[in-house]
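Asker:
There are 2 protein chains.
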Amino acid sequence: MIELRSLCRTYRMGSEDVHALANVTLSIKKGEHIAVVGPSGSGKSTLLNILGCLDRPTSGSYRFSGQEVAELGEVELSGLRQRWIGFVFQFFHLLPRLDAVGNVEVPMLFAGVEREERRRRARWALEAVGLEHRLRHKPEELSGGERQRVAIARSVVMGPRLLLADEPTGNLDRHSAEEIMDLIERMNAEGLTLIVVTHDPAIAQRAGRIVRLEDGRVVEGGPDIPP
Amino acid sequence: MIELRSLCRTYRMGSEDVHALANVTLSIKKGEHIAVVGPSGSGKSTLLNILGCLDRPTSGSYRFSGQEVAELGEVELSGLRQRWIGFVFQFFHLLPRLDAVGNVEVPMLFAGVEREERRRRARWALEAVGLEHRLRHKPEELSGGERQRVAIARSVVMGPRLLLADEPTGNLDRHSAEEIMDLIERMNAEGLTLIVVTHDPAIAQRAGRIVRLEDGRVVEGGPDIPP
Ligand SMILES: Nc1ncnc2c1ncn2[C@@H]1O[C@H](COP(=O)(O)OP(=O)(O)OP(=O)(O)O)[C@@H](O)[C@H]1O
Ligand SMILES: Nc1ncnc2c1ncn2[C@@H]1O[C@H](COP(=O)(O)OP(=O)(O)OP(=O)(O)O)[C@@H](O)[C@H]1O
Ligand SMILES: [Mg+2]
Ligand SMILES: [Mg+2]
Chain A
1 MIELRSLCRT
11 YRMGSEDVHA
21 LANVTLSIKK
31 GEHIAVVGPS
41 GSGKSTLLNI
51 LGCLDRPTSG
61 SYRFSGQEVA
71 ELGEVELSGL
81 RQRWIGFVFQ
91 FFHLLPRLDA
101 VGNVEVPMLF
111 AGVEREERRR
121 RARWALEAVG
131 LEHRLRHKPE
141 ELSGGERQRV
151 AIARSVVMGP
161 RLLLADEPTG
171 NLDRHSAEEI
181 MDLIERMNAE
191 GLTLIVVTHD
201 PAIAQRAGRI
211 VRLEDGRVVE
221 GGPDIPP
Chain B
1001 MIELRSLCRT
1011 YRMGSEDVHA
1021 LANVTLSIKK
1031 GEHIAVVGPS
1041 GSGKSTLLNI
1051 LGCLDRPTSG
1061 SYRFSGQEVA
1071 ELGEVELSGL
1081 RQRWIGFVFQ
1091 FFHLLPRLDA
1101 VGNVEVPMLF
1111 AGVEREERRR
1121 RARWALEAVG
1131 LEHRLRHKPE
1141 ELSGGERQRV
1151 AIARSVVMGP
1161 RLLLADEPTG
1171 NLDRHSAEEI
1181 MDLIERMNAE
1191 GLTLIVVTHD
1201 PAIAQRAGRI
1211 VRLEDGRVVE
1221 GGPDIPP
């Protein structure tokens, strides 16, 4: 499903260059459950943003289902994102003026799903993450963990093929965290490819494979690591 | 240092009332290290916002160093906050257009600290949290964990008496989390009163006392719990 070859992402900061990702080579099969771990600042979110077609690599190759992503235009990229990829951002990016149901409806709004159908699926997704009692709350009327669960519900409501989750349980207690992981692992068992960035060892151990990043390099879990 | 008596905080949502805190009675001595734990949505951040004089209780009493906070006006409240209380918000609230040094200088700017002195103390605080290599980065040029560490540096730069930290290690790897806790525990050993909200059992166990909230009520760690 995913092939990365010598992928780099460099940020230019005045005269200094920050190498957030340096020669990342990785392949991920359809239906895998991968955990991405590594110190703060090691490139995990940068990697996820590129996999989610939200950012472009500085150099190297990224193939999604055999297609070279660099050759796609903006319209094809957003079509690919909307149809196949679910994303749980590290800081949620909820829309402040919409309530929980409204925020979960957003991806379906873009995809032209009927109003009644949107409502029904949004309620189902929020119930699945334990928020049936907070449907009418706007983001600032929700706790940190409740906002995170709205973001998770929004990421799965279109039935994606690939789910990219950046610390999906960082603001949740142990019990809520396990419930969320049970939900997304059920989807993984039905074929969803799952890539989860986490600092929590208990969450990382649930994955089939652990990829470790340090200073933008894959030091564990990639193909045979060059010396 | 802190006395809460039958403290309530209720949010009115249309016809429904949300009881974020219900009859919380708690006393905290100067120099204590307290962990506040509990499920997502149980009232932890609400409690911290009230302790930090950022929100007012709906009813009940809150005394800080013997003074009833409800009787203070806005000017006295902001003086108390600025002088004695450091706060690490659950979602940081960094100013987007300032770099790391600029964000850490903000509390000193309000307190009228000289420019050179501000710079020096801001650099010291950022080095103490391991960010000497990111001084000129703005929040969107920092990773999640790096932003969290800027927020921690800002919270301690005025040498507060009370530090309220809402999930201070939620976006940090194990190693960075321990470094941060070592730093704030050194300050606790010198007299800083420390109240840390966390979902991480390893962080909670470092405290002298654990206060557990459920549905807005103290169910563990308070004074003798009524039946
Ligand atoms: N402005 C508001 N209006 C209505 N309800 C609110 C508001 N702010 C918070 N709440 C509700 O109050 C309850 C307590 O919220 P609080 O943020 O204190 O929880 P928390 O313990 O910090 O949770 P978490 O671990 O998820 O951060 C939540 O159920 C939340 O939905
Ligand atoms: N726009 C930017 N400009 C310059 N440097 C950046 C920018 N965005 C990120 N960085 C740097 O790139 C590095 C990688 O960031 P990234 O967000 O991928 O880290 P991360 O592994 O997700 O860390 P965390 O666990 O703290 O969230 C960081 O050191 C960060 O300072
Ligand atoms: Mg990150
Ligand atoms: Mg909270």
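Top line first, the protein sequences correspond to chains A and B. Under our numbering, the first residue of the first sequence carries the number 1, and numbering increases by one thereafter. Under our numbering, the first residue of the second sequence carries the number 1001, and numbering increases by one thereafter. All residues carry an ideal CB built from backbone N, CA and C; glycine is no exception.
1. Taking just the CA atoms, how far does residue 1045 of chain B sit from residue 143 of chain A?
2. Count the other CB atoms, across all protein chains shown, that sit within 10 Å of the CB of residue 199 of chain A; report buried if there are 16 or more and exposed otherwise.
3. Does residue 107 of chain A pass the burial test, meaning 16 or more other C-beta atoms within 10 Å, or should it be called exposed?
4. Taking 8 Å as the cut-off, is the CB of residue 1020 of chain B close to at least one heavy atom of ligand 1?
5. Strictly by DSSP, which residues pair up with residue 1008 of chain B?
6. Closer than 9 Å, CB to CB, is residue 1148 of chain B near chain A or not?
7. Measure the alpha-carbon distance for residue 1066 of chain B versus residue 1185 of chain B and round it to whole angstroms.
8. Could one say the Cβ of residue 137 of chain A lies closer than 9 Å to chain B's Cβ atoms, at least one of them?
9. Taking 7 Å as the limit between beta carbons, can you name the residues of its chain near residue 151 of chain A, skipping five residues before and five after?
10. Does any CB atom of chain A fall closer than 9 Å to the CB of residue 1168 of chain B?
11. What residues in the stretch 16 to 44 of chain A bring their beta carbon closer than 9 Å to a beta carbon of chain B?
12. Mind pulling the chain B residues with CB within less than 8 Å of residue 174 of chain A?
13. Residue 141 of chain A versus chain B: which residues are under 9 Å apart at the beta carbon?
14. Listing by chain order, which chain A residues have their CB less than 8 Å from the CB of residue 1091 of chain B?
15. Does the separation of the CB atoms of residue 85 of chain A and residue 209 of chain A fall below 9 Å?
16. Quick one: what's residue 1013 of chain B bridged to in DSSP?
17. So, is the C-beta of residue 171 of chain A closer than 9 Å to a C-beta in chain B?
18. With distances taken from CA atoms, which of A:74, A:68 and A:139 is nearest residue 98 of chain A?
19. Let's see if you can read the secondary structure: which residues bound the alpha helix (DSSP H) around residue 1175 of chain B?
20. Heavy atom of ligand 1 less than 8 Å from the Cβ of residue 6 of chain A, yes or no?
21. Taking just the CA atoms, how far does residue 1027 of chain B sit from residue 1036 of chain B?
22. Shorter than 9 Å from the beta carbon of residue 956 of chain B to some beta carbon of chain A?
23. Confirm the yes/no value for this check: CB of residue 145 of chain A, any heavy atom of ligand 5, distance under 8 Å.
24. Ignoring anything shorter than 4 residues or poking outside the stretch 31 to 114 of chain A, list the alpha helix (DSSP H) runs there in chain order.
25. Cβ of residue 134 of chain A less than 9 Å from any chain B Cβ?
26. Is it the case that the Cβ atoms of residue 1057 of chain B and residue 1050 of chain B are separated by a distance below 9 Å?
27. Under the rule that 16 or more other beta-carbon atoms within 10 Å means buried, what is residue 1155 of chain B, buried or exposed?
28. Which residues in the same chain have their Cβ closer than 8 Å to the Cβ of residue 180 of chain A, if we skip the five residues on either side of it in sequence?
29. Using a Cβ-Cβ distance cut-off of 9 Å, determine whether residue 1165 of chain B contacts chain A.
30. Taking buried to mean at least 16 other C-beta atoms within 10 Å of its own C-beta, is residue 9 of chain A buried or exposed?
31. Between the C-alpha atoms of residue 174 of chain A and residue 206 of chain A, what's the straight-line distance to the nearest angstrom?
32. Would you mind sorting residue 166 of chain A into buried or exposed? The rule is 16 or more other CB atoms within 10 Å of its CB.
33. Secondary structure at residue 27 of chain A, three-state DSSP: helix, strand or coil?
34. Considering only residues of the same chain and omitting the five flanking positions on each side of residue 1105 of chain B, which have a CB-CB separation below 6 Å?
35. Please tell me whether residue 1128 of chain B has its Cβ less than 9 Å away from any Cβ of chain A.
Answerer: In terms of the structure at hand:
1. For this step, residue 143 of chain A is matched to residue 143 along the first sequence. For this step, residue 1045 of chain B is matched to residue 45 along the second sequence. Taking the straight line joining both Cα atoms gives about 8 Å.
2. For the purposes of this step, residue 199 of chain A is taken as residue 199 along the first sequence, with counting starting at 1. So residue 199 of chain A counts as buried.
3. Here residue 107 of chain A corresponds to residue number 107 of the first sequence, with the count starting at 1. Buried, since its Cβ has 16 or more Cβ neighbours within 10 Å.
4. Counting from 1 along the second sequence, the entry for residue 1020 of chain B is found at position 20. Indeed, a heavy atom of ligand 1 lies less than 8 Å from the Cβ.
5. For the purposes of this step, residue 1008 of chain B is taken as the residue at position 8 of the second sequence. BP columns for residue 1008 of chain B point to B:1059.
6. Working through the second sequence from its first residue, we reach residue 1148 of chain B at position 148. Interface residue, yes.
7. On the second sequence, residue 1066 of chain B is found 66 positions in, with the first residue counted as 1. On the second sequence, residue 1185 of chain B is found 185 positions in, with the first residue counted as 1. Here the alpha carbon of residue 1066 of chain B sits roughly 25 Å from the alpha carbon of residue 1185 of chain B.
8. Position 137 of the first sequence, counted from the first residue, corresponds to residue 137 of chain A. Closer than 9 Å to some Cβ of chain B, the Cβ of residue 137 of chain A qualifies, so yes.
9. By one-based count along the first sequence, residue 151 of chain A stands at place 151. Only 88, 89, 92 and 94 meet the Cβ criterion.
10. Mapped onto the second sequence, residue 1168 of chain B falls at position 168. For residue 1168 of chain B, the answer is no, since every Cβ of chain A falls outside 9 Å of its Cβ.
11. Against chain B - using a Cβ distance shorter than 9 Å - the residues of the stretch 16 to 44 of chain A are 16, 18, 20, 37, 38, 39, 40, 41, 42, 43 and 44.
12. To locate residue 174 of chain A, count along the first sequence from 1; it is residue 174. Near residue 174 of chain A (Cβ distances below 8 Å), the residues of chain B are 1199 and 1201.
13. Here residue 141 of chain A is taken as the residue at index 141 of the first sequence, counted from 1. Ordered by position in chain B, the residues that pass the 9 Å Cβ test against residue 141 of chain A are 1011, 1013 and 1018.
14. Within the second sequence, the letter at position 91 stands for residue 1091 of chain B. Neighbours of residue 1091 of chain B in chain A, taken as residues at a C-beta separation under 8 Å, are given in chain order as 91 and 144.
15. What you label residue 85 of chain A is simply residue 85 of the first sequence in a count that begins at 1. What you label residue 209 of chain A is simply residue 209 of the first sequence in a count that begins at 1. No. Outside cutoff.
16. In the second sequence, residue 1013 of chain B corresponds to position 13, counting from 1. B:1016.
17. As a working mapping, residue 171 of chain A is identified with position 171 in the first sequence. Yes, its Cβ sits closer than 9 Å to a Cβ of chain B.
18. In the first sequence, counting from the first residue as 1, residue 98 of chain A sits at position 98. Measuring from the Cα of residue 98 of chain A, the nearest candidate turns out to be A:139.
19. Taking the first residue of the second sequence as position 1, residue 1175 of chain B is located at position 175. Unbroken alpha helix (DSSP H) run through residue 1175 of chain B: 1174 to 1189.
20. Indexing the first sequence from 1 puts residue 6 of chain A at position 6. Outside the cutoff, so no.
21. Within the second sequence, numbered from 1, the residue matching residue 1036 of chain B stands at position 36. Within the second sequence, numbered from 1, the residue matching residue 1027 of chain B stands at position 27. The alpha-carbon atoms of residue 1036 of chain B and residue 1027 of chain B are separated by roughly 13 Å.
22. As shown, chain B starts at 1001 and ends at 1227. That puts residue 956 of chain B outside it, with no answer to give.
23. The model depicted lacks ligand 5 and carries ligand 1, ligand 2, ligand 3 and ligand 4 instead.
24. Listed in chain order, they are 44 to 51, 74 to 84 and 100 to 110.
25. By one-based count along the first sequence, residue 134 of chain A stands at place 134. True, the Cβ-Cβ gap to chain B drops below 9 Å.
26. On the second sequence, residue 1057 of chain B is found 57 positions in, with the first residue counted as 1. On the second sequence, residue 1050 of chain B is found 50 positions in, with the first residue counted as 1. Cβ distance < 9 Å, so residue 1057 of chain B and residue 1050 of chain B count as in contact.
27. By 1-based counting over the second sequence, the position of residue 1155 of chain B is 155. Residue 1155 of chain B comes out buried.
28. The residue you call residue 180 of chain A lines up with position 180 of the first sequence. Only 129, 149, 152, 168, 169 and 172 meet the Cβ criterion.
29. Here residue 1165 of chain B corresponds to residue number 165 of the second sequence, with the count starting at 1. Not flagged as an interface residue toward chain A: residue 1165 of chain B, since no C-beta distance is shorter than 9 Å.
30. As a first step, residue 9 of chain A must be located in the first sequence, where it is residue number 9. Residue 9 of chain A is buried by the Cβ-count criterion.
31. Start at 1 with the first residue of the first sequence, and residue 174 of chain A comes out as number 174. Start at 1 with the first residue of the first sequence, and residue 206 of chain A comes out as number 206. Spanning the alpha carbons of residue 174 of chain A and residue 206 of chain A requires a straight line of approximately 14 Å.
32. Residue 166 of chain A sits at position 166 when you count from the first residue of the first sequence. By the neighbour-count rule (16 or more Cβ atoms within 10 Å), residue 166 of chain A is buried.
33. The residue you call residue 27 of chain A lines up with position 27 of the first sequence. Residue 27 of chain A carries a strand assignment under DSSP once its states are collapsed to helix, strand and coil.
34. For the purposes of this step, residue 1105 of chain B is identified with residue 105 of the second sequence, where counting begins at 1. Result list for residue 1105 of chain B: 1118 and 1122, in chain order.
35. Sequence index remark: in the second sequence, residue 1128 of chain B carries index 128 (1-based). False, the Cβ-Cβ gap to chain A never drops below 9 Å.
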